[in-house]
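Read left to right, the sequence shown gives residues 25 to 104 (the working numbering). Even glycine gets a Cβ: it sits at the ideal position worked out from N, Cα and C. Contents: one structure, followed by commentary.
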Amino acid sequence: MHNCRDYSVRNDDYDAEVCLYCNTFLEVACTDPTCYFCVGRPLRPYPQDIHKIILQQLAANTHLGVGTNAWLKFLTTFED
Ligand SMILES: [Zn+2]
Ligand SMILES: [Zn+2]
């Protein structure tokens with residue numbers, strides 16, 4: 025079990041919070057059919073192969089305290 029909020033990170037591609045651990049969006053897409061971010065939003069934020077790498081990195085970094093500077097630095101490695 026995990027708390028998605030502990031693994032949440034802002035995904036700029038979709039302008040939404042996502043959980044790195046379970047690869048889900050933590051915010052529902054809006055219903056605006058012309059919304060730049062929500063149109064074309066996939067079911068999962070990351071493709072399966074990318075998510076596998078993310079999980080491996082999460083596992084390798086479990087010694088990092090969530091919310092610490094080290095953790096925040098770790099999260100930034102997922103950006104672009
Ligand atoms: Zn989660
Ligand atoms: Zn939207």
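Comparing C-alpha distances from Asp56 to each of Cys46, Asp73, Arg65 shows the shortest one belongs to Arg65. Note on geometry: alpha-carbon atoms of Tyr70 and Asp30 lie some 18 angstroms from one another. The C-alpha of Ser32 lies about 22 angstroms from the C-alpha of Cys59. Counting C-beta atoms within 10 angstroms of its own C-beta, Leu96 has fewer than 16 neighbours from the protein chains shown and is therefore classed as exposed.
Within 8 angstroms of the C-beta of Cys59 there is not a single heavy atom belonging to ligand 1.
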